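>
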Amino acid sequence: MDPYILRLQKILQKQKEELEKKIQSKQESEHHNSLSAGTGELSQYDNHPADTATDLYEREKDFALEEHSLNEYHEIVDALERIEKGTYGICEKTGQQIPIERLNAAPTARTIVEKSSHTVSNYRPVEEDVLQGFSRYEYDHNDHETQFDAEDAYQAVARFNDNSMTYEDASLDEDDESIGYVEEIEGFLSTGIEGYQGADNVQFQRNVHLAHYFEENEE
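Shown next, in the form of structure tokens:
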């Protein structure tokens, strides 16, 4: 027998013995008993549903691990049988010899791994043509636009976020940004419902914009 195959056979045999002990230990454990017997509770009536769910989750996890061990055990048994038949290391699909490097990494391998010819597509979703961030939908640098834009909408909502921003250049700290007007004085000057009808009809609103305007001019 090929010395490589002989070495792999010893490795598989050792793994088989270890799995037999693990499977036997799992099958004799308490998770094969009823849930009540496993938890020591005669009744689940007075238990919180979350506690029962936790016990059930742990039980299902144990069964999943046991099933994984059983599948691995059967793969090893099958590999040992193929060694005895002389078909070990031969790809079941192509009939080619499986590289020894693959067998070293996965002794139970049944097939070879061919190099994929697929290439990464450069296709991008069409949505990316229109979803280009807030910069596409903010008008801070356009003197002819004064509407409540996308950036303003984000800022209004983000003020309720108690967590600090996790990226640089966040727009949340733009507290002095003028929303709805172009010139700063428009933040504290107002007219009646008829609109501007002369300087006599303009009123001053004593608000934070007026205070900020005076502070800047005093400096």
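The sequence shown runs 218 to 436 under the working numbering.
Beta carbons: idealized from backbone N, C-alpha and C, even for Gly.
Given the structure is predicted, the values throughout are model-derived calculations rather than measurements.
#1: Which value, in whole angstroms, describes the spacing of the CA atoms of Asp-390 and His-358?
#2: Roughly how many angstroms separate the alpha carbons of Ala-326 and Glu-235, rounded to a whole number?
#3: Mind checking if Ser-407 is an interface residue toward chain D, Cβ cutoff 8 Å exclusive?
#4: Under three-state DSSP, which class holds Ile-307?
#5: Who does Phe-421 pair with in a DSSP beta bridge?
#6: Looking only at DSSP bridge pairs, what is Gln-314 linked to?
#7: Need the endpoints of the alpha helix (DSSP H) that Thr-271 sits in, please.
#8: Cβ of Leu-229 within 8 Å of Cβ of Pro-316?
#9: Is it a yes or a no for the segment 334 to 343 touching the segment 263 to 279, going by three-plus beta-carbon pairs under 8 Å?
#10: Mind checking which residues open and close the alpha helix (DSSP H) that includes Ser-242?
#11: Kindly indicate which three-state DSSP category Ala-322 falls into: helix, strand or coil?
#12: For Glu-385, which residues of its own chain have a beta-carbon under 6 Å away from its beta-carbon, when the five flanking residues on both sides are left out?
#13: Please classify Gly-306 as buried or exposed, where buried requires at least 16 neighbouring CB atoms within 10 angstroms.
A quick look at the data gives this:
#1: Position 173 of the sequence shown, counted from the start, is the residue given in the question as residue 390. Position 141 of the sequence shown, counted from the start, is the residue given in the question as residue 358. Note that Asp-390 has pLDDT 47, beneath the 50 cutoff, so the model's placement of it is unreliable and no number is given.
#2: Counting from 1 along the sequence shown, the entry for residue 326 is found at position 109. Counting from 1 along the sequence shown, the entry for residue 235 is found at position 18. Our two residues, Ala-326 and Glu-235, have alpha carbons roughly 19 Å apart in a direct line.
#3: Considering every chain present, this structure includes no chain D. It has just one protein chain.
#4: Indexing the sequence shown from 1 puts residue 307 at position 90. DSSP places Ile-307 in strand when its eight states are reduced to three.
#5: Indexing the sequence shown from 1 puts residue 421 at position 204. Answer is Leu-406, bridged to Phe-421.
#6: Position 97 of the sequence shown, counted from the start, is the residue given in the question as residue 314. Under DSSP, the beta-bridge partners assigned to Gln-314 are Ile-307.
#7: On the sequence shown, position 54 is the one that residue 271 refers to. Taken as a continuous stretch (DSSP letters only), the alpha helix (DSSP H) holding Thr-271 covers 266 to 302.
#8: Translated into the one-based positions of the sequence shown, residue 229 becomes position 12. Translated into the one-based positions of the sequence shown, residue 316 becomes position 99. No, the Cβ-Cβ distance between Leu-229 and Pro-316 is not below 8 Å.
#9: No contact exists between the segment 334 to 343 and the segment 263 to 279.
#10: Taking the sequence shown and counting its residues from 1, one reaches residue 242 at position 25. Element bounds for Ser-242: 220 to 244.
#11: On the sequence shown, position 105 is the one that residue 322 refers to. DSSP places Ala-322 in helix when its eight states are reduced to three.
#12: Position 168 of the sequence shown, counted from the first residue, corresponds to residue 385. The predicted position of Glu-385 is uncertain, since its pLDDT is 48 and thus under 50; a value taken from the coordinates is nonetheless stated next. Its chain contains no residue whose beta carbon lies nearer than 6 Å to that of Glu-385 once the 5 sequence neighbours on both sides are disregarded.
#13: Taking the first residue of the sequence shown as position 1, residue 306 is located at position 89. By the 10 Å Cβ count, Gly-306 comes out buried.
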